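The opening residue of the sequence shown carries number 1 in the UniProt record's numbering; numbering runs sequentially from there. Each residue gets a CB set at the ideal place from its N, CA and C atoms; glycine is no exception. Quantities reported herein were computed from a predicted structural model and do not represent experimental measurements.
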Amino acid sequence: MGLDFDVKTFCHNLRATKPPYECPVETCRKVYKSYSGIEYHLYHYDHDNPTPAQTVPQKKRKGRPPRNTPGSPNRSERSHSPGRETMTYAQAQRMVELEIQGRIHRISIFENIDVVDGGAGATPKSGKHKSKEKKKDGSSHHHSVQSGPAVKLPEAVFRELDQERPDAPPRPSSYYRYIDKSVEELDEEVEYDIDEEDYIWLDIMNDKRRRDGVTPIPQEVFEYLMDRLEKESYFESHNKADPSTLIDEDAVCCICNDGECQNSNVILFCDMCNLAVHQECYGVPYIPEGQWLCRRCLQSPSRAVDCALCPNKGGAFKQTDDARWAHVVCALWIPEVCFANTVFLEPIDSIEHIPPARWKLTCYICKQRGSGACIQCHKANCYTAFHVTCAQQAGLYMKMEPVRETGANGTSFSVRKTAYCDIHTPPGSAQHLGGVGGASMGSSHSEGELDEDDEPSIGHDDDSKGWSSERAKRAKAKSRLKMKRARKILAERRAAAPVVSVPCIPPHRLSKITSNLTVPRKSQFMQRLHSYWTLKRQSRNGVPLLRRLQTHLQSQRHIDPLPDSEEKQMALKEQLKAWQRLRHDLERARLLVELIRKREKLKRETIKVQQMALEMQLTPFLVLLRSTLEQLQERDTNKFFTEPVPLAEVPDYLDHIDTPMDFQTMWNLLESHRYLTFEAFEADFGLIVNNCLKYNAKDTVFYRAALRLREMGGAVIRTARRQAERIGFDYETDRGSSLPLHPSSVGHHDEGGESSSQEIGGKGVCRRLNMKNENQNRS
């Protein structure tokens with residue numbers, strides 16, 4: 001490169017500075033705005049042999065200004081370099097770099113460029129050939145340019161929009177509301193949708209009709225007919241159904257076999273399968289409004305389910321955690337099985353924790369092995385196994401009862417499950433299947449059916465509670481007969497097909513449906529369609545094919561019958577309006593009474609204020625004494641001096657005390673205006689204290705309370721006296737009104753001041769005399 005400095009060291013030092021960067025070579029002095037640009041320049045640019053800028057020679061023309069060649073840059077500052085070189089910061093501020101035909105051109109942004117048509121021609125290879133051609137055809141070329149259409153710049157086409165375009169269209173003033181269609185409107189619509197099974201059957205029927213030369217049945221007609229059959233059958237069953245016959249008053253819970261119910265544990269009936277269960281037995285904490293369906297009818301209405309814990313069908317099912325089904329009573333009695341939610345009793349889980357030995361047990365009632373999990377007799381050394389539902393059907397003794405256990409961790413509650421085979425049933429007990437909470441679940445026979453020979457012999461020498469060998473043989477024979485009968489009933493139930501109630505459609509309704517068809521051989525097709533519909537309903541256990549009718553099946557049990565006529569509806573509306581008017585009147589009366597109460601309360605407060613003002617005007621001295629007496633009574637915290645001394649407790653009190661006194665007596669004297677002077681009031685207070693000090697010993701609590709009251713009450717008395725002297729009451733008016741002048745000014749008008757001096761000098765004597773006179777007057 002020929003540089004007299006180390007480029008690497010210079011670049012390393014240059015990195016610590018800020019742009020722009022200037023080339024240190026005196027002959028170059030190019031400025032770059034980035035570090036990468038100056039670095040590339042120093043490493044690759046040859047400062048000894050710089051490439052000169054190439055310029056295009058221009059020839060002067062006479063008579064007309066020079067014209068640029070179309071497709072080439074205007075007379076601008078262009079530079080062609082063999083290699084792509086980054087522009088400096090100063091060059092980038094005033095030039096634009098373009099690539100035309102593989103070469104780099106740099107054009108100044110301050111120079112005007114003419115806009116020409118791109119199809120006017122290409123740039124000639126040499127200026128000489130171009131000049132000769134123009135000299136030869138100058139006139140024709142000039143004429144063509146003048147006569148051609150004028151070239152204009154493209155004009156922008158636009159339209160004005162709002163400044164703030166919303167993301168969504170404006171909302172309407174009203175809300176969108178979804179209004180359900182009425183039952184009449186739904187009955188007129190076709191709600192049935194054809195499925196794959198229907199499509200195959202209809203295809204077979206149409207092929208047969210084509211072979212017979214009859215037009216096929218469209219899918220729309222098939223859907224219409226199936227919809228009519230479903231709705232006509234629903235109407236027929238609804239009209240003929242008697243809601244009172246659907247509810248069995250003597251029904252028992254299929255889990256605990258108990259018919260008793262309480263307000264918090266009633267028996268619920270499934271509206272589809274008529275299953276009867278207790279709320280607590282099936283896990284229904286709240287009684288639902290409207291219809292109620294058991295879990296099987298709710299989740300698998302058209303498909304029969306099998307219990308994973310026993311071979312029997314029917315009963316109260318709940319789903320397991322692995323999407324299978326099991327009886328609730330089986331889950332209650334098998335020890336390893338439990339419920340994930342003990343309130344709703346679902347799902348049934350921990351079935352995988354059942355040991356394999358339990359699955360291999362053979363039920364001695366149904367004689368089946370490996371079909372479900374069995375439980376065993378609770379009797380020691382008795383390993384008789386049986387399914388829970390088999391034992392329930394056979395009437396074995398099974399009982400559940402809560403147990404309260406007290407341990408180191410406190411009191412805990414558990415459930416004790418006891419199940420016996422028919423041989424070890426406890427004697428003398430009613431052989432009932434115990435259910436949830438100890439409720440009986442069924443019995444093989446009642447206590448009244450026990451024979452006299454079956455009663456235990458009480459006076460037996462070996463075992464007073466046991467049976468004799470002869471009676472035991474008879475009991476075993478009866479047990480075998482009972483088990484055989486139960487085994488036969490269970491086998492018949494398992495082999496019997498489920499009872500499916502498919503409603504029948506009367507012939508006149510079928511003819512009404514057929515009358516709307518206009519297809520040939522419609523009677524024959526309707527017979528086959530009716531048979532196909534009946535089979536399909538039977539395959540779905542009698543569940544309606546329409547979802548709406550399925551959800552409303554037997555829901556009218558919980559709905560009161562509608563009024564028979566419009567007059568009844570009008571009467572109900574009038575009664576409702578009368579109740580509304582009555583409630584409105586009662587509300588107005590309540591508001592009026594509330595306003596009266598507030599008015600009377602304000603009147604009472606006003607009267608009290610007027611009373612206080614009148615007392616202050618008429619008897620101000622009485623108001624002062626009343627306030628003083630309240631303060632004195634507050635000092636008696638133990639209420640020793642509030643009421644008179646009970647003479648029944650201290651009969652010798654009057655032997656020592658001549659004049660009893662207490663705060664209650666002082667209140668009576670005060671309200672009867674007996675205190676004409678403050679000295680009389682003070683004398684009665686002193687009498688209370690002196691009587692207590694005179695009668696009680698010094699070490700008693702009453703004596704100490706009297707001393708404390710004299711000390712604290714004396715301060716109150718002195719304060720009240722100063723206030724009375726400052727106010728200046730006129731006691732001669734017999735109402736204690738205040739004097740027109742201050743008492744000090746009144747004393748100056750006495751003769752020679754003798755009366756005032758005598759009052760001051762003999763104040764104690766006069767006070768004692770006044771107290772003595774007052775006591776004599778009271779006695």
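Point to revise | C-alpha distance - G372 paired with H387, whole-angstrom precision | key: 8 angstroms
Review point. Should N638 be flagged as near chain D, meaning a C-beta pair shorter than 8 angstroms?
Key: Absent from the structure is chain D; it holds one protein chain and no more.
Check your understanding: Are the beta-carbon atoms belonging to I489 and Q368 less than 8 angstroms from one another?
Key -> no
**Study point:** For A724, the three-state DSSP class (helix, strand or coil)
**Key:** helix
**Study point:** Closest by C-alpha distance to E634, when choosing among N691, Q91 and G713
**Key:** G713
**Study point:** Alpha-carbon to alpha-carbon, K318 and N341
**Key:** 12 angstroms
Review point. Would F641 be called buried (16 or more neighbouring beta carbons within 10 Å of its own) or exposed?
Key: buried
Check your understanding: Between the C-alpha atoms of K694 and I688, what's the straight-line distance to the nearest angstrom?
Key -> 10 angstroms
Point to revise | Simplified DSSP assignment, three categories, for S350 | key: coil
Practice item. Quick one: using the 10 Å Cβ neighbour count with 16 as the cut-off for buried, is H41 buried or exposed? Key: buried
Check your understanding: Alpha carbon to alpha carbon, what distance is there between Y224 and C273?
Key -> 29 angstroms
Exercise for review: Indicate whether W533 and M226 have their beta-carbon atoms separated by less than 8 angstroms.
Suggested key: yes
**Study point:** Cβ neighbours of P73 in the same chain (closer than 7 angstroms, five flanking residues each side left out)
**Key:** Bear in mind that the predicted position of P73 carries a pLDDT of just 46, short of 50, making it too unreliable to give a figure here.
Check your understanding: What span of residues does the alpha helix (DSSP H) with L42 cover, start to end?
Key -> Y35 to H44
Exercise for review: Write down every uninterrupted run of the beta strand (DSSP E) in the UniProt domain "PHD-type" (250–300) whose length is 3 residues or greater and which is fully enclosed by it, in chain order.
Suggested key: 267–269 and 276–278
Check your understanding: With respect to the beta strand (DSSP E) encompassing A578, which residues constitute its N-terminal and C-terminal limits?
Key -> No beta strand (DSSP E) contains A578, which is instead part of the alpha helix (DSSP H) from E566 to L618.
Exercise for review: Compare the Cα-Cα distances from A705 to each of I717, A715 and C692 and report the closest residue.
Suggested key: C692
Check your understanding: Who are the Cβ neighbours of E643 in its own chain at under 7 angstroms, not counting the five residues just before and after it?
Key -> D662 and Q664
Review point. The beta strand (DSSP E) spanning I100 covers which residue range?
Key: M95 to I100
Check your understanding: Residue ranges of each alpha helix (DSSP H) run of no fewer than 4 residues wholly in the segment 141–217, ordered along the chain?
Key -> 183–188 and 196–211
Point to revise | Coil, strand or helix - R485 by DSSP | key: helix
Check your understanding: How is the beta strand (DSSP E) around I107 delimited, first residue to last?
Key -> R103 to S108
Review point. What does R416 pair with, by DSSP beta-bridge criteria?
Key: E401
Review point. According to DSSP, which residues form a beta bridge with residue 780?
Key: Any question about residue 780 goes unanswered here, given that the chain covers just 1 to 779.
Check your understanding: Does the count of Cβ pairs from the segment 10–20 and the segment 30–45 closer than 8 angstroms reach three?
Key -> yes
Point to revise | Distance between beta carbons of A715 and L624, contact taken as under 8 angstroms | key: Not a contact, Cβ separation roughly 16 angstroms.
Review point. In the DSSP assignment, what are the bridge partners of R626?
Key: Answer is none; R626 lacks a bridge partner.
Point to revise | Extent of the continuous alpha helix (DSSP H) run through A357 | key: P356 to W359
Review point. So what's V343 in DSSP terms, helix, strand or just coil?
Key: coil
Practice item. Give a yes or no on contact between the segment 264–273 and the segment 291–311, applying the rule of three or more CB pairs nearer than 8 angstroms. Key: yes
Point to revise | Straight-line Cα distance separating L529 from R480 | key: 51 angstroms
Review point. Three-state secondary structure (DSSP) at T362?
Key: strand
Review point. Mind checking whether V277 and A323 have CB atoms under 8 angstroms apart?
Key: no
Review point. How about W667 and L709: do their beta carbons lie closer than 8 angstroms?
Key: no
Check your understanding: For M483, is the classification buried or exposed, using 16 other Cβ atoms within 10 angstroms of its Cβ as the cut-off for buried?
Key -> buried
Check your understanding: Considering only the beta carbon of each residue, do C338 and T384 sit closer than 8 angstroms?
Key -> no
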